Every structure is written in structure tokens, then in C-alpha cells.
Amino acid sequence: MERKTISVTGMSCNGCEQNVETALRNLDGVSRVEANHDADAVDVVLEDGVADDDVNAAIEQAGYDVVA
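See the structure below:
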């Protein structure tokens with residue numbers, strides 16, 4: 001398992017947090033997600049082998065931007 005903190009912009013409320021969390025929970029290999037719009041961050045616990053590109057794509061498809 002691997003824990004990552006991802007910087008995400010565009011979240012402005014609890015609903016935004018829920019959107020990002022739902023998008024990431026739908027990915028295979030994601031075991032825990034916690035988004036925080038005040039910190040512009042998402043903490044994710046992933047199984048080994050989950051690609052960063054897949055995680056970033058899920059966030060972006062939900063309508064938010066990943067900060068590199």
C-alpha cells in the first residue's frame with residue numbers, strides 16, 4: 001500500500017470534496033480517500049500498481065485540476 005497527498009485546485013466546498021472522493025473510490029486499487037478543499041489536497045491510500053495517470057485522470061474527469 002502507498003499513501004499519497006495530491007494537490008488539487010478547484011474544490012471550494014464539501015460537495016467538491018465528495019465529487020473527488022467518489023471519482024477516486026471508483027478506481028480499482030484505491031482503499032482510502034480523504035479530500036480537503038481548505039487545504040486543496042486529497043490524501044489517497046493505493047494498492048501497489050495503481051498508476052498516477054489513472055488517479056490524476058479520475059480527478060480531472062470529476063472537474064478539478066491536479067497540481068504537478
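Okay, so the sequence shown: first residue is 1 according to the working numbering, each after it adds one.
C-beta atoms are modelled at their ideal positions from N, C-alpha and C, and glycine is treated no differently.
These numbers come from a predicted model, not from an experiment.
Checklist entry - From Glu47 to Val66, what distance separates their C-alpha atoms? => result 20 Å
Checklist entry - How far does the beta strand (DSSP E) with Leu46 in it reach, from first residue to last? => result 41-46
Next on the checklist: My output table needs one value for Ala8: the three-state DSSP class, helix, strand or coil.
Outcome noted: It should be pointed out that residue 8 corresponds to Val in this sequence rather than to Ala. In the structure shown, Val8 sits in a strand (DSSP, three-state: E or B).
Checklist entry - Looking at the structure shown, is Asn14 part of a helix, part of a strand, or coil, going by DSSP? => result helix
Next on the checklist: Quick check: what's the CA-CA separation for Asp54 versus Cys13?
Outcome noted: 24 Å
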